[in-house]
Amino acid sequence: MTELRYLAPDTLDEAIGAFAKAGSAARILAGGTDLLVQMRSGVLRPGVIVDIKKIPEMTAIEQTADGGFRIGAAVSGMALAEHKTFGKAWPGVLEAVNLIGSKQVQGRASAGGNLCNGSPAGDSVPAMVAAGAVVTVQGPDGRREMKVEDVPAGPGRTNLKPGEILVSFTLPPRPPGSSDAYLRMIPRTEMDIAVVGVGVSLTIKDGTVTAARVGLGAVAPTVLLVEDAAEALIGSKLDDAALAKAAAACSAACRPIDDKRGTIAYRTRVAGVLLKRTAAIAAKRATGK
Amino acid sequence: MAKVHVTTTINGEPMEFLCEPGDTMLDALRGTLNLTGSKEGCASGDCGACSITLDDRLICSCLMLAVESQDHEIRTIEGMAQGEKLHPLQQKFLEMAALQCGICTSGMLVASDALLRKNPKPSEEEVRFWLAGNLCRCTGYDKIVRAVMETAAEMRAQ
Numbered sequence: 001m002t003e004l005r006y007l008a009p010d011t012l013d014e015a016i017g018a019f020a021k022a023g024s025a026a027r028i029l030a031g032g033t034d035l036l037v038q039m040r041s042g043v044l045r046p047g048v049i050v051d052i053k054k055i056p057e058m059t060a061i062e063q064t065a066d067g068g069f070r071i072g073a074a075v076s077g078m079a080l081a082e083h084k085t086f087g088k089a090w091p092g093v094l095e096a097v098n099l100i101g102s103k104q105v106q107g108r109a110s111a112g113g114n115l116c117n118g119s120p121a122g123d124s125v126p127a128m129v130a131a132g133a134v135v136t137v138q139g140p141d142g143r144r145e146m147k148v149e150d151v152p153a154g155p156g157r158t159n160l161k162p163g164e165i166l167v168s169f170t171l172p173p174r175p176p177g178s179s180d181a182y183l184r185m186i187p188r189t190e191m192d193i194a195v196v197g198v199g200v201s202l203t204i205k206d207g208t209v210t211a212a213r214v215g216l217g218a219v220a221p222t223v224l225l226v227e228d229a230a231e232a233l234i235g236s237k238l239d240d241a242a243l244a245k246a247a248a249a250c251s252a253a254c255r256p257i258d259d260k261r262g263t264i265a266y267r268t269r270v271a272g273v274l275l276k277r278t279a280a281i282a283a284k285r286a287t288g289k
Numbered sequence: 001m002a003k004v005h006v007t008t009t010i011n012g013e014p015m016e017f018l019c020e021p022g023d024t025m026l027d028a029l030r031g032t033l034n035l036t037g038s039k040e041g042c043a044s045g046d047c048g049a050c051s052i053t054l055d056d057r058l059i060c061s062c063l064m065l066a067v068e069s070q071d072h073e074i075r076t077i078e079g080m081a082q083g084e085k086l087h088p089l090q091q092k093f094l095e096m097a098a099l100q101c102g103i104c105t106s107g108m109l110v111a112s113d114a115l116l117r118k119n120p121k122p123s124e125e126e127v128r129f130w131l132a133g134n135l136c137r138c139t140g141y142d143k144i145v146r147a148v149m150e151t152a153a154e155m156r157a158q
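Protein chains in written order, with this note's numbering: chain P, 1 to 289; chain E, 1 to 158.
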């Protein structure tokens with residue numbers, strides 16, 4: 001067995017150099033709540049571990065000049081929850097991040113890891129998709145931006161290029177009357193993975209939805225952006241007909257698996273039900289009612 | 001294999017130890033440092049028996065590499081009592097028999113302490129949600145939850 005090396009660089013350039021040089025033997029360590037389990041079970045035997053938490057950009061939460069937020073890829077759920085203003089601007093994203101595992105896991109687990117782990121059921125991902133979040137990735141060929149929904153390539157896979165590291169999430173500024181919500185369906189009260197997860201972000205002006213985004217998780221090989229559902233909501237007053245149309249769009253987008261948590265029929269139906277409930281919560285938050 | 005030298009703080013004391021790069025914090029605590037109060041249950045972050053705090057945040061020590069503790073502050077169950085004087089949670093767990101086999105107890109105590117530091121007046125629901133990452137196979141949780149609620153009330157009264 002090759003010897004495992006642990007590196008904790010202080011700069012992103014060093015991290016990218018070390019990560020690219022080690023090739024497929026390298027793994028990024030953020031919170032480690034997936035990586036250590038995979039190592040323990042023998043699924044992964046990395047040769048080099050690159051811990052990114054000493055890089056300030058990776059653990060920072062900051063407000064951008066235009067009023068949005070930039071969240072480092074290694075920021076833990078607990079750190080995000082402790083931030084003074086983030087949860088007020090993006091309550092849905094925060095509740096999604098804080099559904100990842102137990103309090104112990106939230107003390108370490110990051111949205112960056114949740115996305116890069118490539119699980120179709122990752123809780124933070126549909127909420128980030130609904131938020132219209134963009135990720136910054138950096139690799140040997142430089143920096144680029146990707147929409148969150150373009151990152152997952154399939155279960156356990158991403159569209160990051162070899163040697164690229166996820167650096168941060170950027171969430172856009174919010175016009176007045178905006179809010180978001182995330183709901184997931186799980187068989188137990190807590191601590192299980194999603195059967196369906198729905199994130200909805202809305203902007204409402206004078207009772208009418210002027211902007212909407214819908215992210216849908218655990219019902220396809222990747223988390224989905226459901227544009228048809230958003231279109232059904234935009235221009236409406238969230239009346240029953242609009243919600244029914246959006247729910248049908250979510251169900252239509254489902255390409256789920258049958259497993260012990262839920263059948264295809266169940267997941268497909270629940271996706272529509274959850275869309276209605278999530279939209280109602282987001283609307284309540286957006287209008288303050 | 002080349003061992004890594006780690007300098008850290010554990011229960012307020014500066015500590016140094018050597019570890020393999022792949023050792024978990026739990027390995028280092030229980031093995032090298034002989035702090036065996038943190039228990040190994042599942043070793044995959046599900047059971048919470050190995051709960052510690054890292055810079056005052058509750059985590060599973062099985063989900064952290066020992067080398068990651070460099071320059072950070074760790075607290076374990078061994079740091080909870082003040083000498084012979086038990087922490088109010090420890091005392092209450094004893095009085096209310098909030099344990100049976102004891103494997104989950106140190107994790108329950110560390111997690112409960114982390115909760116009460118953050119939220120001195122939790123509702124029962126908040127206690128139950130906070131402790132969802134700590135599995136117990138014998139008390140049925142009720143005694144534990146009651147002990148935490150009662151300790152919180154007593155600590156607030158003082």
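Beta carbons: idealized from backbone N, C-alpha and C, even for Gly.
Discussion item. Going residue by residue through the segment 166-211 of chain P, where are the continuous beta strand (DSSP E) segments of at least 3 residues, counting only ones entirely within it?
Written reply: 178-185 and 196-205
Worksheet item: Under 9 Å between the Cβ atoms of T85 (chain P) and Q106 (chain P)?
Response: no
Practice prompt. Would you mind reading off the limits of the alpha helix (DSSP H) that contains I16 (chain P)?
Written response: L12 to A22
Worksheet entry | Closest Cα partner of I10 (chain E) within the set E:A2, E:S44 and E:S61 | E:S61
Discussion item. Can you give me the C-alpha to C-alpha distance between Q90 (chain E) and R137 (chain E), rounded to a whole angstrom?
Written reply: 19 Å
Item to complete: For chain P, find out if any of its Cβ atoms is closer than 9 Å to the Cβ of E20 (chain E); answer yes or no.
Response: yes
Worksheet item: Taking the continuous alpha helix (DSSP H) assigned at Y6 (chain P), which residues delimit it?
Response: Unbroken run through Y6 (chain P) is the beta strand (DSSP E), R5 to L7; no alpha helix (DSSP H).
Discussion item. Check this for me: beta carbons of G118 (chain P) and L35 (chain P), under 9 Å apart or not?
Written reply: no
Worksheet item: Mind checking N134 (chain E): buried by the 16 CB within 10 Å criterion, or exposed?
Response: buried
Worksheet item: Would you call L44 (chain P) buried or exposed, if buried means 16 or more other Cβ atoms sit within 10 Å of its Cβ?
Response: exposed
Item to complete: Could you work out which residues of chain P lie near G177 (chain E), taking near to mean beta carbons separated by less than 7 Å?
Response: Any property of residue 177 (chain E) remains undetermined from this structure, which presents chain E solely from 1 to 158.
Fill in: Interface partners of I59 (chain E) on chain C, CB under 7 Å
Absent from the structure is chain C; the protein chains it does hold are P and E.
Worksheet item: Within 9 Å (strictly less), CB to CB, does C101 (chain E) reach chain P?
Response: no
Discussion item. Give me the residue from E:M108, E:M149, E:V67 and E:D55 with the minimum Cα distance to E20 (chain E).
Written reply: E:V67
Item to complete: Step through the CB atoms of chain E and report whether any lies within less than 9 Å of the CB of Y266 (chain P).
Response: no
Item to complete: With 9 Å as the limit, tell me which residues of the segment 228-241 of chain P have their beta carbon closer than that to any beta carbon of chain E; keep them in chain order.
Response: none
Worksheet item: Does any CB atom of chain P fall closer than 9 Å to the CB of G45 (chain E)?
Response: yes
Fill in: Residue-chain proximity (S76 (chain P), chain E), Cβ-Cβ < 9 Å
yes
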